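Chemist: So for the sequence shown, this note's numbering puts the first residue at 3; every next one is plus one. In this text, a Cβ means the ideal position worked out from N, Cα and C, and glycines have one as well. Just so it is clear, the structure is predicted and the values come from calculations on it, not from any experiment.
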Amino acid sequence: MYHGCSILVVGEHLRALIVSDVHSNIEAFQSVIAHANDMEGFDQIWSLGDLVGYGPDPIACIDLLREYDHVAVGGNHDLAAVGKIGLQKFNMHAAAAARWTTTQLTSDHVDFLGQMPLRLEVHDFTLVHGSPRDPVWEYLITAAAAAASFSRFDTKRCLVGHSHIPFLCMPDGESAQFFDFPIDLPVRLRDAHLTHPPASVGHPRDGLPTASYALFDSEEQTITHYRAEYDIASTQERMTKHNLPQYLINRLARGR
C-alpha cells in the first residue's frame, strides 16, 4: 500500500528524496527540501518514519510532506502520537514530547499518521523505520542485528531509519559489515545493501547538528548523503515556548 502518493511506472527515471526522523522540526525539513532542489531536485519523497515527536511543529511537518508526491512508513513516535503504542519504552523526555504532540494533532493529522504502514516496497527497496524484522523498535547498530535482517526483505535493498546515524551495510559471510556513509559523494548501490542513508532530518545523533538527507537516482543507481544547515536557534526557541524538555532542546545544537 502506498501512503499518499501516485504510483510511478517501473522503469521510469526517479530521483527520490530520502528523509528519516524529521521529528517535528520544520526548519530542518524546509532546509532539506530547498537543498535537494538545489541538487537537481527530486520526484518523490521517501520518509522512513518518525515524522513527528521531539520537536515543536508536528502539523507543519505533516502538511509539508503532503505537499509532495511521497511514500511514508510509520515510526515509533508516529505510532505513539496517535495512541497505537504506549509510552512504556520511551524515556521521560521522549514521552513528554509524545504527550505534547498528541495534544497538537487534528483528527485529520491523526488519521494520516495512523494510516502509515510499517513496511513498504518501492523501486527495489524495502522501507522500514527500525528494521525488517522489527519495523518499530529495533536499532540496527550491531553486526548481529544487521546479519539477521538480510533474510527479512525480498527486495534488492532495504532502507531503515531510527538510529539517527547514517551507514551502509553489506553481508559478510555469516555476519555483516558496516561502512561510513560519506557526505556529498555518490555511492553506487549493490544488491543486498542495508542502508540508513540519512542520519536524521530533525534530530541527528552522529555529532553533526546539520539536517541529514539522501538522494537516490534510479538511473545512475546511486545514493548520495547530503547535509543542510538550518536555523537551530529558532527551533530551540519554539521548543522552549512549548515547554518541551530542555534535554531535547540542548541536543539539537550538539547533534547527539
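1) Below 8 Å between beta carbons: does that hold for Ser22 and Glu231?
2) Quick check on the burial criterion: 16 or more other C-beta atoms within 10 angstroms. Buried or exposed for Leu187?
3) Provide the residue(s) that pair with Ser214 in DSSP beta bridges, ordered along the chain.
4) Judging by CA-CA distance, which residue of Phe44, Gly55, Phe169, Asp110 is the nearest neighbour of Leu28?
5) Roughly how many angstroms lie between the CA atoms of Ala235 and Thr242, to the nearest whole one?
6) Verify whether the separation of the beta carbon atoms of Leu217 and Arg17 is less than 8 Å.
7) Candidates Thr105, Leu66, Gly163: which alpha carbon is nearest His205's?
8) Mind checking who Val189 pairs with in its DSSP beta bridge?
9) Which of the three DSSP states is assigned to Lys243 in this structure?
10) Measure the C-alpha to C-alpha separation of Asn78 and Arg207 and round it to an integer number of angstroms.
11) Check whether the Cβ atoms of Leu120 and Pro137 sit closer than 8 Å, and answer yes or no.
12) Buried or exposed for Gly88, going by 16 or more other Cβ atoms inside 10 Å?
13) Spatial neighbours of Thr157 within its chain, please: C-beta separation below 6 Å, excluding the five flanking residues on both sides.
14) Where does Ile64 land, buried or exposed, given buried means 16+ other C-beta within 10 angstroms?
15) Going by beta-carbon coordinates alone, are Leu66 and Phe44 separated by less than 8 Å?
16) Comparing alpha-carbon positions, which option in Ala147, Ile35, Glu14 lies nearest Ser214?
17) Between Val203 and the rest of its own chain, which residues show a CB-CB distance below 8 Å, the 5 nearest in sequence each way excluded?
18) Among the residues of its own chain, which have a CB less than 7 Å from the CB of Ala38, if the five just before and after it don't count?
19) How would you write the range of the alpha helix (DSSP H) that Pro60 sits in, first residue to last?
20) What did DSSP end up calling Leu250 once you bin it into helix, strand or coil?
21) Taking the CB atoms as reference points, tell me whether Ala83 and Leu250 lie closer together than 8 Å.
Modeler: The relevant details are as follows:
1) Contact: no.
2) By the neighbour-count criterion, in which 16 or more other beta carbons inside 10 Å mark a residue as buried, Leu187 falls on the exposed side.
3) In DSSP, Ser214 forms a bridge with Arg229.
4) Here residue 28 is Ile; the residue named in the question, Leu, does not match the sequence. Nearest to Ile28 by C-alpha distance, out of Phe44, Gly55, Phe169, Asp110, is Gly55.
5) Ala235 and Thr242 have their C-alpha atoms spaced approximately 10 Å apart.
6) Between Leu217 and Arg17, the CB-CB gap stays under 8 Å.
7) Of Thr105, Leu66, Gly163, the residue nearest in Cα terms is Gly163.
8) DSSP lists Ile225 as the beta-bridge partner residues of Val189.
9) Under the three-state reduction of DSSP, Lys243 is assigned to helix.
10) Answer to the nearest angstrom: the Cα atoms are 17 Å apart.
11) Cβ distance < 8 Å, so Leu120 and Pro137 count as in contact.
12) With fewer than 16 Cβ atoms within 10 Å of its Cβ, Gly88 is classed as exposed.
13) Answer for Thr157: Glu123, Asp126, Phe127, Thr128, listed in chain order.
14) Flag for Ile64 reads buried.
15) No, the pair does not count as a contact, with Cβ atoms beyond the cut-off.
16) Checked all of Ala147, Ile35, Glu14; the closest Cα to Ser214 is Ile35.
17) Taken in chain order, the residues that qualify are Val21, Ser22, Asp23, Val24, His25, Asn27, Ala30, Phe31, Val34, Ala213, Ser214, Tyr215.
18) These residues qualify, in order along the chain: Leu19, Phe44, Tyr215, Leu217.
19) 60-68 is the extent of the alpha helix (DSSP H) around Pro60.
20) Three-state DSSP puts Leu250 in a helix.
21) Cβ atoms of Ala83 and Leu250: not closer than 8 Å.
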